[in-house]
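Chemist: Counted the way mature numbering (1 follows the signal peptide of the UniProt record, and there is no 0) counts, the sequence shown spans residues -21 to -1, 1 to 246.
Beta carbons: idealized from backbone N, C-alpha and C, even for Gly.
None of the values given here were measured: they were computed from a predicted structure.
Structure in structure tokens, see below.
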Amino acid sequence: MRRALIAAAGVFLAAAPAAHADTHYGGAAVLKGRGAAPYTSLVRKDDGRIQMRVLIVFACGEEPRVDTVARLSGSTPDGSAFSASGHTRVNGHRLRFSVSGTITPDAVEGKVRFSARGCPGFTRPLSLRVASAPAGAPAMPPPSSLFNGLSAQFAGPVRLPVTIRVARNGRVYGVWTATMKCGPKAVVPMGSSITTTKVKPDGTFLDDTPYTVRYVDGSSERYRIRFEGHFLADGAVGTLRARMQTHRKGHRYYPCDSGTQTWAARM
């Protein structure tokens, strides 16, 4: 995974207090201490329903990679333990997801399982953090730390996730997702990885390197992205924006734009 995501044992908290209704959480699965697919949003509704959105980069065999979104639904009968499941289809494959875990006012911890007949699957820990508004003093982030959270952008009932990893050398990288409006009607989901980026002494960082995705039919997508952030004593905040223009000889396409969105995350 260079930039665009082309369309990628749980910890249970015993006797945890129930989360407040209509609470949003965001983050990702965890693989070797890093944020990994599926990139996940969850909202607990006031009637105990759970609604989730997951995004993975799906490919099976020699098939092209595709940004794939699935919506999951479930419930939390006691306000703490929950389960949810859902499926979607892509390139003739039925992709199934199931999640189980525990919700607290601050976090979601659990497991996510993915399967598709004839294709590799996985089971991974899932770690989400509640929507937050860090406001502490500027600070350098601790090495080998993971920040999860959400942007202000919604896709249906859920907000969209952000996950940031601080490497041992202090540089940051990660993944964020967005939806882009393309012309008067179309809405396109996308995900972009944050290239390994240096954090300045004041805790700020910026990734704004453009990139192009080329396809075998001769078409291409030119992305201009901007992801900037500021680490604070109690988390991280910033803004993001994705713009994309499709090019294909003999065709014209509307430009796509997510608009500028704020985001916040914490450990």
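Would you call the CB atoms of M246 and G182 closer than 9 Å?
Modeler: no
Chemist: Exposed or buried, what is A114 when buried is set at 16 or more other beta-carbons lying within 10 Å of its beta-carbon?
Modeler: The residue in question, A114, is exposed, as its Cβ has fewer than 16 Cβ neighbours within 10 Å.
Chemist: Taking only three categories from DSSP, how would you classify D181?
Modeler: coil
Chemist: Contact defined as beta carbons within less than 8 Å: I believe F184 pairs with V178. What is the distance between those atoms, to the nearest angstrom?
Modeler: 5 Å
Chemist: Go ahead and pull the three-state DSSP assignment for T191.
Modeler: Assignment of T191 by DSSP, reduced to helix, strand and coil, places it in the strand class.
Chemist: Just to confirm my understanding: we take G100, look at its own chain, exclude 5 residues before and 5 after, and list those with CB closer than 6 Å. What are they?
Modeler: F93, S94
Chemist: Straight-line CA distance for R96 to G71?
Modeler: 10 Å
Chemist: Would you mind sorting S199 into buried or exposed? The rule is 16 or more other CB atoms within 10 Å of its CB.
Modeler: exposed
Chemist: Where do the N-terminal and C-terminal ends of the beta strand (DSSP E) with R226 fall, by residue?
Modeler: The residue asked about is misnamed: residue 226 is His in this sequence, not Arg. First-last of the beta strand (DSSP E) with H226: 214 to 226.
Chemist: So, at 8 Å on beta carbons, what are the nonlocal neighbours of T176 in its own chain, with the 5 sequence-adjacent residues on each side left out?
Modeler: Cβ neighbours of T176 beyond the five flanking positions: R150, V151, Y152, F184, L185, D186.
Chemist: Would you report the Cα separation of P180 and S237, rounded to the nearest angstrom?
Modeler: 30 Å
Chemist: Using only the alpha-carbon positions, how far apart do R(-20) and I29 sit?
Modeler: Any answer about R(-20) is weak, because its pLDDT of 42 lies below 50 and its placement is not dependable; what the coordinates show is given next. Those two C-alpha atoms are separated by around 32 Å.
Chemist: On the three-state DSSP scale, how would you describe S20?
Modeler: strand
Chemist: Closer than 8 Å by C-beta to L211: which residues in its own chain qualify, once you throw out the five before and the five after it? Chain order, please.
Modeler: P113, A114, G115, A116, P117, A118, G182
Chemist: Suppose you measure from the CA of V78 to the CA of G89; what does that come to, to the nearest Å?
Modeler: 7 Å
Chemist: Looking only at its chain, what residues have a beta carbon closer than 6 Å to the beta carbon of R75, apart from the 5 residues adjacent to it on each side?
Modeler: H66, S94
Chemist: Residues in its own chain within less than 6 Å of D213 by CB, not counting five upstream and five downstream?
Modeler: Once the five neighbours on either side are set aside, the close Cβ partners of D213 are P113, G115.
Chemist: Between S130 and G170, what straight-line distance do the alpha-carbon atoms span, to the nearest angstrom?
Modeler: Roughly 13 Å between the two C-alpha positions.
Chemist: What separation, rounded to the nearest whole angstrom, lies between the Cα atoms of Q224 and R205?
Modeler: 15 Å
Chemist: Could you tell me whether the Cβ atoms of R231 and D196 are closer together than 9 Å?
Modeler: no
Chemist: My understanding is that G80 touches S64, with C-beta atoms under 8 Å, so please give their C-beta distance in whole angstroms.
Modeler: The C-beta distance from G80 to S64 rounds to 13 Å, too long to fall under 8 Å, and the pair is not in contact.
Chemist: Can the beta-carbon of V69 be found less than 9 Å from the beta-carbon of V91?
Modeler: No, the Cβ-Cβ distance between V69 and V91 is not below 9 Å.
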